[in-house]
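Asker: Below you'll find the structure I mean.
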């Protein structure tokens, strides 16, 4: 027996291969997470290059905050890796089992998948601003008063539990394999990282018309009047133009970033939970069960008649931007 055979025997009897084969079915979106893990060093490198350009302007870059942003991103990736397969994958697997069409993978179906994912992302992102339950998780992404590459990493570790993934389940029902859906979603998020910057100004008019660019996304993160609840697109900006939520940076003057009611602390747990705490506090106020439950699906700024009119969210009364 050669040394290589001995090595293979050790591996075969270790149980690692069986674990490797079991993990994808359990974690489901492991390939998506693999893309994120490969991209993360690139994200860090690009952020360091940006840091060299803007480090002397505290309004543009703050090193402790940038470190905190990557910690928020790590928390998001960890919960996605550990729980997406347990929470989201069963729904995708069920939808795919009862799929309406048999979709094979080719250039045309990849294009259809891309357009479909863009459509689903638009409505997921719009709901993340206009439904308080979803906003309570998404607010993490908007709570920074700075716009730089590290801001893209500000994500909530609670996302997988909140249910944003539900918006993409119809793609599996149509017949797109959940693995493809996960990969396309990961690639979309990789693209979106690069639009979180003030260094790139306006691009060619055709690009600005078709795609979500740094210019468009700066507006999305602005808390100026007219910026809140605009430019929800992922890679494309076409659905914003179609559904009336597009806003041009040239019309908004100097942008101010963040949410209208910022969190009281920069502690990670506070950033992840403060809006849920406020939502449950509002639900605990006197009233019928129906009145209390409406705080879950109403817009973040909604208040019951007679309730203190505090706005909660971006443009709402306690929001931040994505």
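In the UniProt record's numbering, the protein residues as written are 1 to 322. Cβ coordinates follow ideal geometry from the N, Cα and C atoms, glycine included. Please read all numbers here as calculations on a predicted model, not as lab measurements.
Please classify residue 191 as buried or exposed, where buried requires at least 16 neighbouring CB atoms within 10 angstroms.
Answerer: So residue 191 counts as exposed.
Asker: What number of angstroms, rounded off, separates the C-alpha of residue 137 from the C-alpha of residue 5?
Answerer: Looking at the two C-alpha atoms, the distance is approximately 50 Å.
Asker: What ranges does the alpha helix (DSSP H) occupy inside the segment 37-108, keeping only unbroken runs of at least 4 residues that lie completely in it?
Answerer: As far as the segment 37-108 is concerned, its whole alpha helix (DSSP H) runs of at least 4 residues are 63-87 and 89-97.
Asker: Rounded to whole angstroms, how far is the Cβ of residue 92 from the Cβ of residue 178, which I believe are closer than 8 Å?
Answerer: Residue 92 to residue 178, Cβ: 4 Å. Contact.
Asker: Check each candidate in 166, 184, 235 and 237 and name the one with the smallest Cα separation from residue 105.
Answerer: Looking at the Cα atoms, 184 is the closest of the given residues.
Asker: Mapping DSSP to helix, strand and coil, what is residue 122?
Answerer: In the structure shown, residue 122 sits in a helix (DSSP, three-state: H, G or I).
Asker: Considering only their Cβ atoms, is the gap separating residue 151 from residue 97 smaller than 9 Å?
Answerer: No, they are not a contact pair.
Asker: My understanding is that residue 279 touches residue 197, with C-beta atoms under 8 Å, so please give their C-beta distance in whole angstroms.
Answerer: So it is not a contact: roughly 31 Å between Cβ atoms.
Asker: Whole alpha helix (DSSP H) runs in the segment 167-232 with 4 or more residues, listed along the chain?
Answerer: Within the segment 167-232, the complete alpha helix (DSSP H) runs of at least 4 residues are 169-174, 178-193, 205-210 and 214-221.
Asker: Kindly indicate which three-state DSSP category residue 236 falls into: helix, strand or coil?
Answerer: Three-state result, residue 236: strand.
Asker: With respect to the alpha helix (DSSP H) encompassing residue 280, which residues constitute its N-terminal and C-terminal limits?
Answerer: Where residue 280 is concerned, the enclosing alpha helix (DSSP H) stretches over 268-283.
Asker: First and last residue of the alpha helix (DSSP H) that includes residue 291?
Answerer: 289-297 is the extent of the alpha helix (DSSP H) around residue 291.
Asker: Residue 140 lies in the alpha helix (DSSP H); which residues open and close that run?
Answerer: That run of the alpha helix (DSSP H) goes 132-142.
Asker: Can you round the beta-carbon distance between residue 99 and residue 174 to whole angstroms, since I take them to be within the 8 Å contact cut?
Answerer: Yes, they are in contact, since the Cβ atoms of residue 99 and residue 174 sit about 7 Å apart, within 8 Å.
Asker: Once you ignore the five residues that flank residue 71 on each side, which residues in its own chain have a CB closer than 8 Å to its CB?
Answerer: Excluding sequence neighbours, residue 71 sits near 268.
Asker: Among the candidates 271, 304 and 194, whose CA atom is the shortest distance from the CA of residue 45?
Answerer: Nearest C-alpha to residue 45: 194.
Asker: Would you grab the beta carbon distance between residue 210 and residue 166 for me? Rounded to a whole angstrom, and I think it's under 8 Å.
Answerer: That belief does not hold up - the Cβ atoms of residue 210 and residue 166 are roughly 28 Å apart, past 8 Å.
Asker: Could you tell me if residue 168 is buried or exposed, where buried requires 16 or more neighbouring beta carbons within 10 angstroms of its beta carbon?
Answerer: Residue 168 should be labelled buried.
Asker: Going by other Cβ atoms of all chains shown within 10 Å of its Cβ, with 16 needed for buried, is residue 223 buried or exposed?
Answerer: Buried, because 16 or more other Cβ atoms sit within 10 Å of the Cβ of residue 223.
Asker: Just to confirm my understanding: we take residue 27, look at its own chain, exclude 5 residues before and 5 after, and list those with CB closer than 6 Å. What are they?
Answerer: Residue placement at residue 27 is poorly supported in this model, since its pLDDT is 49, which falls under 50; the coordinates still yield a value, given next. So the qualifying residues of the chain are 85.
Asker: Which same chain residues, not among the five before or five after residue 29, have their C-beta less than 6 Å away from its C-beta?
Answerer: At residue 29 the pLDDT is 44, less than 50, meaning the model places this residue with poor confidence and gives no usable figure here.
Asker: Use the C-beta contact count for residue 108: other C-beta atoms within 10 angstroms, 16 or more gives buried, fewer gives exposed.
Answerer: The residue is exposed, with fewer than 16 neighbouring Cβ atoms inside 10 Å.
Asker: Less than 9 Å separating the beta-carbons of residue 66 and residue 47?
Answerer: Yes, Cβ-Cβ distance for residue 66 and residue 47 is below 9 Å.
Asker: Quick check on the burial criterion: 16 or more other C-beta atoms within 10 angstroms. Buried or exposed for residue 260?
Answerer: Residue 260 should be labelled buried.
Asker: Applying the criterion that 16 or more other CB atoms from any shown protein chain within 10 Å of the CB defines a buried residue, is residue 286 buried or exposed?
Answerer: It counts as exposed.
Asker: Roughly how many angstroms separate the alpha carbons of residue 176 and residue 274, rounded to a whole number?
Answerer: One C-alpha to the other measures close to 36 Å.
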